[in-house]
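Q: The structure that follows is given in the form of structure tokens.
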Amino acid sequence: MSVEYSQSTSLDRAQIKEALRRRFYIRAQISGEIQLPAVPSMLDEYVEMCGSVFAGLGKPFSDQELAQLRSALEKELATAYAASVRSHIIISYNAPIGPTLNYTIRATWTSVADAYESWLSLRKPPLFGTHPDARIWDVASEAAEPTAHRVLEIGGGTGRNALALARLGHPVDVVEMTPKFAEMLRTEAQQEGLDVRVIVRDVFADPAATDLRNDYQLMILSEVMTDFRSTQQVRELFELAARSLAPGGRLVFNTFLACDGYEPDAAAREFCQQVYSGVFTRQEMSVAAAGLPLEPRSDVSAYDYEKANLPEGVWPPTSWYADWASGLDAYRTVREDSPIELRWLVYERTR
5 MSVEYSQSTS
15 LDRAQIKEAL
25 RRRFYIRAQI
35 SGEIQLPAVP
45 SMLDEYVEMC
55 GSVFAGLGKP
65 FSDQELAQLR
75 SALEKELATA
85 YAASVRSHII
95 ISYNAPIGPT
105 LNYTIRATWT
115 SVADAYESWL
125 SLRKPPLFGT
135 HPDARIWDVA
145 SEAAEPTAHR
155 VLEIGGGTGR
165 NALALARLGH
175 PVDVVEMTPK
185 FAEMLRTEAQ
195 QEGLDVRVIV
205 RDVFADPAAT
215 DLRNDYQLMI
225 LSEVMTDFRS
235 TQQVRELFEL
245 AARSLAPGGR
255 LVFNTFLACD
265 GYEPDAAARE
275 FCQQVYSGVF
285 TRQEMSVAAA
295 GLPLEPRSDV
305 SAYDYEKANL
315 PEGVWPPTSW
325 YADWASGLDA
335 YRTVREDSPI
345 ELRWLVYERT
355 R
């Protein structure tokens, strides 16, 4: 006696394989982490990235779940970015066996001073190069009598510029907000018997402080304005220069400027700040200096000037300088197509 048995299905082979694949993904146990700089205006990119990652792991989110994710990200991004430009969002996720994926979002940040201090343990020296900036050196060298040409440096770092100018004969005052850098600078100046006074504080935190003079012939900032967050901070810098420089004194600093015709949007500005490349427009510079006895005297490419004028064998000052100064830490392109560039600007106090 024979028994006949048959079973049919309406699914084709592709559908059967897809059903098996869905069950396969459900059996996965997953955990991971996404860490990104906190850039609130790029919220869509965070949601898109998370949605793609979760879907790729076989845990696709519904529109409602993506909306909840978006709301949570928006809140944490705002908190992180408001706290510091050295801030991150960390999205941790895990999924047990089954269709559900759980996630947490947290903001983390550190102060600018602490971030630079951590470089001492994370990066090999020299942190900023071994030679003073060529632009600063050339302007300072124009002084006929260095001992009568007092210098104020804001953000002296480990002393690359301040110590070199002091060796040239200039009396130098340095305001440095990172205590470890200030300690290193002060120690080396004392060992060499140099005329360097080190002040440890945020120079913009207390405009009424009386520890600075009003007869400096030269005021310098190197790789400092790249951490500025607003044009108000630029205005405060110009006001400080107007108070501190003697008539005829010069303010020399480098900053990222947008190329003519490019207006950075909020996302660009926030991300540039996160990668030590805070950017402004020339119009913003003009507005920030309006009404003050400061006149622009020079505007040159930092990349071109330093490459042409640093001593042989010193270019680039660090392994990262050339790309950074070209704006490539913020824009993944070639130097010729970068919409921002580090520029050396010189202003003179006219009265």
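With our numbering, you'll find the sequence shown wraps up at 355, consecutive numbering, no jumps. For every residue, glycine included, the Cβ atom is placed at its ideal position computed from N, Cα and C.
Can you give me the start and stop residues for the beta strand (DSSP E) that T162 sits inside?
A: No beta strand (DSSP E) holds T162; DSSP gives it neither H nor E.
Q: Just to confirm my understanding: we take P211, look at its own chain, exclude 5 residues before and 5 after, and list those with CB closer than 8 Å. What are they?
A: E240, E243, L244
Q: By alpha-carbon positions, which one of R74, R233, P41, S45 ends up nearest to G55?
A: The shortest C-alpha separation from G55 is found at R74.
Q: In terms of alpha-carbon separation, which member of M188, F257, T191, D199 lies closest to L177?
A: Going by the sequence as given, residue 177 is Asp instead of Leu. Comparing Cα-Cα distances from D177 to each of M188, F257, T191, D199, the minimum goes to D199.
Q: So what's P136 in DSSP terms, helix, strand or just coil?
A: coil
Q: Taking Y325 as the reference, give the member of M188, A23, Y280, R190 with the closest Cα.
A: Y280
Q: In this structure, how does DSSP classify N98 when only helix, strand and coil are distinguished?
A: strand
Q: If you follow the alpha helix (DSSP H) that A59 is in, where does it begin and where does it stop?
A: Where A59 is concerned, the enclosing alpha helix (DSSP H) stretches over 47-60.
Q: Let me check one thing: in DSSP terms, what residues is E345 bridge-paired to?
A: L261
Q: Use the C-beta contact count for D137: other C-beta atoms within 10 angstroms, 16 or more gives buried, fewer gives exposed.
A: buried
Q: Classify T162 as buried or exposed, calling it buried when 16 or more other Cβ atoms lie within 10 Å of its own Cβ.
A: Counting the other CB atoms within 10 Å of its CB gives T162 a total of 16 or more, which places it among the buried residues.
Q: Could you name each continuous alpha helix (DSSP H) segment of 4 residues or more that falls completely within the stretch 175-215, going from the start of the chain to the end?
A: The alpha helix (DSSP H) runs of length 4 or more contained entirely in the stretch 175-215 are, from start to end of the chain, 183-196.
Q: In this structure, what does DSSP give as the bridge partners for A111?
A: In DSSP, A111 forms a bridge with I93.
Q: In whole angstroms, what is the alpha-carbon distance linking S226 and F257?
A: Each residue's alpha carbon lies about 6 Å from the other.
Q: Mind checking which residues open and close the beta strand (DSSP E) that includes R25?
A: Here R25 belongs to no beta strand (DSSP E); instead the alpha helix (DSSP H) covers 17-30.
Q: Starting from M223, follow the beta strand (DSSP E) in both directions and report where the run begins and ends.
A: 220-225
Q: Select from D341, P44, R26 the residue whose C-alpha is nearest the C-alpha of Q277.
A: P44
Q: V89 and R233 look like a contact to me (Cβ under 8 Å); what is the Cβ gap, rounded to whole Å?
A: 6 Å
Q: With M289 and V207 assumed to form a contact (beta carbons below 8 Å), what rounded beta-carbon distance in angstroms separates them?
A: Not quite, the Cβ-Cβ distance comes to about 19 Å (not below 8 Å), so this is no contact.
Q: Sort E22, A193, N98 by Cα distance to A444 and report the nearest one.
A: Lying before the first or after the last residue shown, residue 444 is absent from the chain, which here runs from 5 to 355.
Q: Short of 7 Å in beta carbon distance, which residues of its chain neighbour A186, apart from the five on each side in sequence? Order them along the chain.
A: E180, V202, V204
Q: Should the stretch 149-162 be regarded as contacting the stretch 301-314, the criterion being three or more beta carbon pairs within less than 8 Å?
A: no
Q: Excluding five sequence neighbours on each side, which residues of the same chain lie with their C-beta closer than 7 Å to the C-beta of G173?
A: P150, T151
Q: Please classify K63: is it buried, with 16 or more other beta-carbons within 10 angstroms of its beta-carbon, or exposed?
A: Taking all protein chains in view, the Cβ of K63 is crowded by 16 or more other Cβ atoms within 10 Å, so the residue is classified as buried.
Q: Note the first and the last residue of the continuous beta strand (DSSP E) segment covering D303.
A: 298-305
Q: Using only the alpha-carbon positions, how far apart do F132 and A329 sit?
A: 13 Å
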